[in-house]
Each structure stands twice: as C-alpha cells, then as structure tokens.
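For the sequence shown, the working numbering gives the first residue as 41, with consecutive numbering after it.
Ideal Cβ placement from N, Cα and C applies to all residues, glycine included.
Quantities reported herein were computed from a predicted structural model and do not represent experimental measurements.
Please read the structure below before turning to the comments.
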Amino acid sequence: AGITCESDLPDISQRDTLLRMLRNLKGIYTRREFESCLQVQERIVQLQPESPAEWRDLGVLLLLTGRPIRASEVLKQ
C-alpha cells in the first residue's frame, strides 16, 4: 500500500529537509560546477559541523577550486 495522506508521511525537521536539498544540489554540482558545489558544501558543514565526511568533502572541494591553504586547514581538523 502506498502513502495515502499527509499524516502517513514521517515527521522531518526543517534542518533535515534543508540538508537533503543541499545534498541533492551537491550531487548535481559535483559533476561539473565545483565553485557552486563548494558554496553548497560550506552550508552543509554549517548545518552539520559534527560530520567528518562533510569536512573532508569541503577540503577536497577547496583543493579542486584552487584554495590549497584553506583546504589544508580544513583537512587537518
């Protein structure tokens, strides 16, 4: 049986909704728009600073966009 009404949907916070949207954008931009992806990744890190994987991705994007010093600082954390 499928979802029949709104009450069947799981509760999700605005933060989780925003993170999901940002991760979708990140997936799109990662293919060819590293500058845009970097902007999205910076927002993800702001929302989820406890995630080592998100910090790693930020460091990699900083490298790919020509910011090696900042990338080094981020990746050392």
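- L58 vs C77 beta-carbon contact at 9 Å: L58 is not a Cβ neighbour of C77, given a cutoff of 9 Å.
- Considering only C-alpha positions, which residue in the set L115, L62, I52 is nearest to Q86? Comparing alpha carbon positions, the residue from L115, L62, I52 closest to Q86 is L62.
- Go through its chain and collect everything with a Cβ distance to R55's Cβ below 8 Å, but skip five positions before and after it. Here the set comprises L87.
- Would you mind working out which of D97, R107, T105, S91 sits nearest G67, comparing C-alpha positions? It is D97 whose Cα lies nearest to the Cα of G67.
- What is the DSSP secondary structure of T57, counted as helix, strand or coil? T57 falls in the helix class under three-state DSSP.
- From I52 to R60, what does the alpha carbon distance come to, in whole angstroms? Near 11 Å, if we compare the C-alpha coordinates of R60 and I52.
- Message: Let me make sure I understand the geometry here. Which of V80, Q79, E90, R83 has the alpha-carbon closest to that of L117?
- Response: In the sequence under discussion, the amino acid at residue 117 is Gln, which differs from the Leu named in the question. When each option's Cα is compared against that of Q117, the closest is E90.
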